[in-house]
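Protein chains in written order, with this note's numbering: chain W, 1 to 281; chain B, 1001 to 1287; chain P, 2001 to 2255.
Only one structure is covered here, and it is reproduced in the block below.
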Ligand SMILES: Nc1ncnc2c1ncn2[C@@H]1O[C@H](COP(=O)(O)OP(=O)(O)O)[C@@H](O)[C@H]1O
Ligand SMILES: [Mg+2]
């Protein structure tokens, strides 16, 4: 039972993390290759706080606030660049984050932080918290999608220039997406730190950023259900591949390539095609 | 260390960056794709360099063969990797490319083993006094010379041959290639050949400098070369070359002065972000 | 015409110069637009008309000059600020949002402060009011039959009209129309010209770039002519069209 619980918690954290990026990349159209940095910021914040005696629940808000605040600054900087320049800038953020953490003795430097306390309520407690927070975040996402914010995001994701000609304050909306998305990643990070109980700079590197981006893309950019399913599948996949653990990255890399080659609109795209087909007949 | 020595180290590193970045920026100029898997070809070049030298005893032969073989692998990578998804948004190609790169590191590990491989008798290790007491190994001098010769050669090709002229035109404006009468696919294949061959040369050079190759040797260059071509203004060859040398020198000085704050690789990205904040389209583009 | 001398213009363009590399696309352009006016803006292809409109709305930054809207210098304002001060542009090269129906395209532009404030945007869900506005605007431009269609399903002429409807949804004080009749059939152009003629009123004026001189002549009282980026002529429509320089530069080529 314990094993299933760990897998399930992992899955929920992955879904929350992927949805937080879906907000930025899917809804608002801003590519980020450095999202794992914000998972890391939340994880480090929460871990430091629980190690100093705070209960895990009390660290959610600080983790979100700090991740969101740094997200605001990164977002503000990212406003200056677009498209491929944005992709590379956010990739730089990813490398910069791990580079800075490595040199901070206060944060455990290269060695990371070990001995993160077990959350109150143990594994079951963590699973329940992850479940509630993930569902809550998805509800917020659905709400956003249906509000004027979702409407505005759609236009920005499709064509920023046209959005601004219509009178949309593109910058503000992008910043809002960055704050919300990075705060969400911070929240996922708080859960993650207490799931693995050991974190280090390498837990939040570039490959992790690519992994979460691939969840969003395989899920179908902007599709809430597609991304949920993709995140769930991709996060449990390593468990199924236990036997081929040695070739995990090989399989994962090939999967990314094949998904891009044959499923460029992701799982969400599949349902869209299906709906369109039905609509026409 | 003397400032001039630090400068020279930086220029040597910069020459290697230049060899890698050239192919990347050409591919970007032609296809608007961030070709991360380029670094796999760099690693392959390094392995071929060590293995062929160890087998035949000739570094020169190894370099030549590595460049040719990797050049063809590069052409194949265009056909298999990018050609089918050219019409998709650039992000798709980027993720596909990252996927191939991640997978390739594993392939190297599976084929050549997880540990590093070295030269049996490392060539070009004699120290030469180049400049009033500054000693450099022959290998280091060779890196700079080779980069210089290859880039000059490419410049000649680009200016004197019909293919080169058509390529330059189509990097500026992809539609112009059509009117020049040279087949677009021919241009693309030759860019992948040359770019990959240069990456292989860089791989051989790095293997020589470190006297080892390992499956993950492409990791840092792959992302750093992206930073370089972005600094250079994406698609600009001259920009990429200048940015390569600049980054080499900045890293070299930066590690000495800021080494306790940031490691070498984060330093490069800190510089990149700083520059993009001031010039959002790179240093060498207008506007 | 008397308005021209009596009151302060709603829009003043002063000495605007725009360059692309070495090319001076607009060279010290100056013009004034008064409230309740329909100003025709003509000039041969490549005269820099579109470029001037893009400079007025803030899509490109001129190397020199000033834009003054209702007495306020907006030369340094961002596009979104200018638009929200009461300008709108229907572009020559249409930019519909392809993933939305025509109705949603226009209703979005009618979103008002929900387009400026993320907080207001997240707190509001109903689009009904904006859709009503959009419906009536689409009817006005003659697209009542296609409100639920997607832009990719429609011919260019329809999309030009969508562009105009979307600009109108902003309820602009100053409306810039860049060749709205292009791609329309003769009767459609006539209908659209009638609509444009009815637009100017107190609190709303229009600059109309158009190559369809028959319609321009019919609906515009004043004309501004630009040639090779420079001001060429300005005045009452018939006088301007009779001007020798204008005929040489413009009519001489096209007729
Ligand atoms: N973005 C641009 N970059 C470079 N040149 C441009 C650009 N936009 C317009 N031009 C040039 O500026 C001149 C004026 O163009 P434009 O304003 O579109 O003229 P018009 O609308 O009067 O036909 C033309 O020579 C055109 O080629
Ligand atoms: Mg025009």
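The beta carbon of each residue, even a glycine, is placed where N, CA and C say it ideally should be.
Note that the coordinates shown come from a computational prediction; the quantities given were computed from them, not determined experimentally.
Fully enclosed alpha helix (DSSP H) runs of no fewer than 4 residues occupy 2079-2084 of the region 2056-2090 of chain P, in order along the chain.
By the C-beta density criterion, residue 230 of chain W is buried, having at least 16 other C-beta atoms within 10 angstroms. From the listed residues W/10, W/18, W/99 and W/78, the smallest Cα separation to residue 1259 of chain B is found for W/99.
For residue 2114 of chain P, the closest C-alpha among the options P/2102, P/2084 and P/2025 is that of P/2084. Rounded to whole angstroms, the separation of the alpha carbons of residue 196 of chain W and residue 22 of chain W is 24 angstroms. Residues of chain B with a Cβ closer than 7 angstroms to the Cβ of residue 252 of chain W are, in chain order, 1102.
The shortest C-alpha to C-alpha distance from residue 2236 of chain P to any of P/2223, P/2228, P/2010 and P/2207 is the one to P/2223. When 7 angstroms is used as the limit between beta carbons, residue 214 of chain W is near these residues of chain B: 1095, in chain order.
Around the C-beta of residue 2145 of chain P, fewer than 16 other C-beta atoms lie within 10 Å, and the residue is accordingly described as exposed. Residue 44 of chain W places its beta carbon 9 angstroms or farther from that of residue 2111 of chain P. By the Cβ criterion, the region 2063-2082 of chain P is not in contact with the region 2150-2160 of chain P, since fewer than three pairs of Cβ atoms, one from each stretch, lie closer than 8 angstroms. In terms of side-chain proximity, the C-beta atom of residue 2228 of chain P is found no nearer than 8 angstroms to any non-hydrogen atom of ligand 2. With respect to the 9 angstroms criterion, residue 1134 of chain B and residue 1004 of chain B are classified as neighbours on the basis of their beta carbons. When DSSP states are grouped into helix, strand and coil, residue 2240 of chain P belongs to the helix group. For the pair residue 1182 of chain B and residue 1035 of chain B, the Cα-to-Cα distance works out to about 24 angstroms. Taking all protein chains shown into account, residue 1156 of chain B has fewer than 16 neighbouring C-beta atoms within 10 Å of its C-beta and is therefore exposed. For ligand 1, the residues with a Cβ under 5 angstroms from any of its heavy atoms are, in chain order, P/2020, P/2025, P/2045, P/2046, P/2047, P/2048, P/2049, P/2050 and P/2051. As DSSP reads the structure, residue 2201 of chain P sits in a beta bridge with P/2204. With a cut-off of 8 angstroms, the C-beta of residue 2178 of chain P is classified as near ligand 2, since at least one heavy atom of the ligand falls inside that distance.
In terms of beta-carbon proximity, residue 2125 of chain P lines the interface with chain W, with at least one pair separated by less than 9 angstroms. Contact of residue 1129 of chain B with chain W is not assigned, every C-beta pair being separated by 9 angstroms or more. Chain order gives no chain B residues near residue 44 of chain W, where near means a beta carbon separation below 7 angstroms; the closest approach is about 16 angstroms. Of the other Cβ atoms in all chains shown, fewer than 16 fall within 10 Å of the Cβ of residue 2063 of chain P; this residue is therefore exposed.
A direct Cα-Cα distance of roughly 54 angstroms separates residue 2184 of chain P from residue 12 of chain W. Distances from the CB of residue 2209 of chain P to the heavy atoms of ligand 2 include at least one below 8 angstroms.
Taking C-alpha positions only, residue 2143 of chain P is separated from residue 2087 of chain P by approximately 23 angstroms. One Cα belongs to residue 187 of chain W, the other to residue 61 of chain W, and the distance between them is close to 8 angstroms. Annotation: the continuous beta strand (DSSP E) that includes residue 2012 of chain P extends over 2011-2020.
Leaving aside the five residues that flank residue 1052 of chain B on each side, the residues in its chain whose CB is nearer than 6 angstroms to its CB run, in chain order, 1062 and 1065. At the C-beta level, residue 213 of chain W and residue 75 of chain W stay beyond 9 angstroms of one another. Across the region 45-72 of chain W, no CB contact with chain B closer than 8 angstroms is found for any residue. Its chain contains no residue whose beta carbon lies nearer than 6 angstroms to that of residue 2214 of chain P once the 5 sequence neighbours on both sides are disregarded.
Inter-segment contact for the region 127-143 of chain W and the region 2017-2027 of chain P is absent: fewer than three beta-carbon pairs are separated by less than 8 angstroms. Leaving aside the five residues that flank residue 1141 of chain B on each side, the residues in its chain whose CB is nearer than 8 angstroms to its CB run, in chain order, 1128 and 1130. Fully enclosed alpha helix (DSSP H) runs of no fewer than 4 residues occupy 1059-1077 of the region 1051-1099 of chain B, in order along the chain.
Partner residues in the beta bridge of residue 2024 of chain P, as assigned by DSSP, are P/2019.
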